[in-house]
Amino acid sequence: KQEVTQIPAALSVPEGENLVLNCSFTDSAIYNLQWFRQDPGKGLTSLLLIQSSQREQTSGRLNASLDKSSGRSTLYIAASQPGDSATYLCAVVNNAGNMLTFGGGTRLMVKP
Amino acid sequence: NAGVTQTPKFQVLKTGQSMTLQCAQDMNHNSMYWYRQDPGMGLRLIYYSASEGTTDKGEVPNGYNVSRLNKREFSLRLESAAPSQTSVYFCASSGAGPQYYEQYFGPGTRLTVT
């Protein structure tokens, strides 16, 4: 059974800092990996999708990398802002393409 | 373009009552999903529908039924609610199955069963 782990569970940084969120998964037979953002009491917003054949994806200040063989992905946030405060979730799609497994999330707080 | 919409936003049920959670998407997506989110358990897939007319069980299907009414709508029914079903329920959709396209989520339904 696929297990997805996110470290750290919570992170507090001062504004302007560059930071890295980690995601690891136990079964490397995945189709893709997706990073989401969730604000308190809200739904999930898709940030980046990395196909299993890709190594990284970029969107603005966000860069996500994928190392399928080692079962790891990182989300890099450059020049963090208070508006980046949210919970960040990673999820992987299994080899059959019919199951999305989520990590527990990293709760990020960026202090002004 | 509203994306994925869910109704109701909040609901309180007594044990044994039934209810249906509604979900609709206007992105012409083939696949739709129902998840529940619980503290300490993360998001877990209840049921999904890869295309109109098909549904399949996810990780935690017990106590739930689903209906893919048409391409736009996918409903989740609790026949006899239990306190263990207190959770936040999210509906999502994607273009051609999760293996290629991003999943887009609705705002959620917060359900409390007393």
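Chains as they are written, first to last, in our numbering: chain A, 1 to 112; chain B, 1001 to 1114.
The beta-carbon is built from N, C-alpha and C at its ideal position, and this holds for glycine as well.
Would you say the segment 38-55 of chain A touches the segment 74-90 of chain A, given that touching needs at least three Cβ pairs under 8 Å? Yes, the segment 38-55 of chain A is in contact with the segment 74-90 of chain A.
Given that F1090 of chain B touches chain A, what residues does it touch there, using C-beta distances under 8 Å? By 1-based counting over the second sequence, the position of residue 1090 of chain B is 90. Here the neighbours are G43 and L44.
Chain A contact for F1010 of chain B (CB, 8 Å cutoff): The sequence position of residue 1010 of chain B within the second sequence is 10, counting from 1. Not closer than 8 Å to any Cβ of chain A, the Cβ of F1010 of chain B fails to qualify, so no.
Run down chain B in chain order and give the residues with a C-beta less than 7 Å from the C-beta of F102 of chain A. Taking the first residue of the first sequence as position 1, residue 102 of chain A is located at position 102. Within chain B, the residues near F102 of chain A are G1042 and L1043.
With a threshold of 8 Å between beta-carbons, can Q34 of chain A be considered close to chain B, or not? Reading the first sequence from its first residue, position 34 is the one you call residue 34 of chain A. Output row for Q34 of chain A: interface = yes.
Pull up the distance between the alpha-carbon of Q1103 of chain B and that of L108 of chain A, whole angstroms please. The residue labelled residue 1103 of chain B in the question sits at position 103 within the second sequence. The residue labelled residue 108 of chain A in the question sits at position 108 within the first sequence. So the alpha carbons of these two residues sit roughly 22 Å apart.
Report the neighbours of G1058 of chain B on chain A: residues whose CB is nearer than 8 Å to its CB, in chain order. Residue mapping note: residue 1058 of chain B aligns to position 58 of the second sequence, counting from 1. Result: M99.
Have a look at P1083 of chain B and A10 of chain A and give me their C-alpha separation to the nearest angstrom. Position 83 of the second sequence, counting from 1, holds the residue named residue 1083 of chain B. Position 10 of the first sequence, counting from 1, holds the residue named residue 10 of chain A. Rounded to whole angstroms, P1083 of chain B to A10 of chain A spans 29 Å at the Cα level.
On the DSSP letters alone, give me the boundaries of the beta strand (DSSP E) that P14 of chain A sits inside. Against the first sequence, residue 14 of chain A aligns to sequence position 14. In the DSSP annotation of this structure, the continuous segment of the beta strand (DSSP E) that includes P14 of chain A starts and ends at A10 to P14.
By DSSP's criteria, T45 of chain A is part of a beta bridge. Which residues make up the other side? Translated into the one-based positions of the first sequence, residue 45 of chain A becomes position 45. T45 of chain A pairs with A:R37.
Taking three-plus beta-carbon pairs below 8 Å as touching, is the segment 1068-1077 of chain B in contact with the segment 1002-1013 of chain B? The segment 1068-1077 of chain B makes no contact with the segment 1002-1013 of chain B; the number of CB pairs closer than 8 Å stays below 3.
Within 10 Å of its beta-carbon, does T1020 of chain B have 16 or more other beta-carbons around it, so buried, or fewer, so exposed? By one-based count along the second sequence, residue 1020 of chain B stands at place 20. Under a 10 Å Cβ-count criterion, T1020 of chain B is classified as exposed, with fewer than 16 other Cβ atoms of the shown protein chains found around its own Cβ.
Assign G103 of chain A to one of three DSSP states: helix, strand, or coil. Here residue 103 of chain A corresponds to residue number 103 of the first sequence, with the count starting at 1. In the structure shown, G103 of chain A sits in coil (DSSP, three-state: anything other than H, G, I, E or B).
R1110 of chain B: first and last residue of the uninterrupted beta strand (DSSP E) it sits in: Here the question's residue 1110 of chain B lines up with position 110 in the second sequence. Start and end: T1109 to V1113.
What does Y1047 of chain B reach in chain A if we use C-beta pairs closer than 7 Å? Within the second sequence, the letter at position 47 stands for residue 1047 of chain B. In chain order: nothing, as chain A lies at least about 11 Å away.
One question on the structure: do G1058 of chain B and L1069 of chain B come within less than 8 Å of each other, judged by their Cβ atoms? The count along the second sequence starts at 1 and reaches residue 1058 of chain B at position 58. The count along the second sequence starts at 1 and reaches residue 1069 of chain B at position 69. Contact flag unset, no.
Can you tell me whether A29 of chain A is buried or exposed? The criterion is at least 16 other CB atoms within 10 Å of its CB, across all chains shown. What you label residue 29 of chain A is simply residue 29 of the first sequence in a count that begins at 1. A29 of chain A comes out exposed.
Straight-line gap, F1010 of chain B to S69 of chain A (C-alpha atoms, nearest Å): Looking up residue 1010 of chain B in the second sequence gives position 10. Looking up residue 69 of chain A in the first sequence gives position 69. CA-CA distance, F1010 of chain B to S69 of chain A, rounds to 42 Å.
Go through its chain and collect everything with a Cβ distance to E3 of chain A's Cβ below 6 Å, but skip five positions before and after it. To locate residue 3 of chain A, count along the first sequence from 1; it is residue 3. Residues T26 of the same chain have their beta carbon placed closer than 6 Å to that of E3 of chain A, with the five preceding and five following residues left out of the count.
Which ranges does the beta strand (DSSP E) cover as unbroken runs of at least 3 residues, wholly within the segment 1027-1065 of chain B, from first to last along the chain? Qualifying beta strand (DSSP E) stretches, in chain order: 1031-1038 and 1042-1049.
For G105 of chain A, go through chain B and note every residue whose CB falls closer than 8 Å to its CB, in chain order. As a working note, residue 105 of chain A is residue 105 in the first sequence. Those within 8 Å of G105 of chain A in chain B are G1042.
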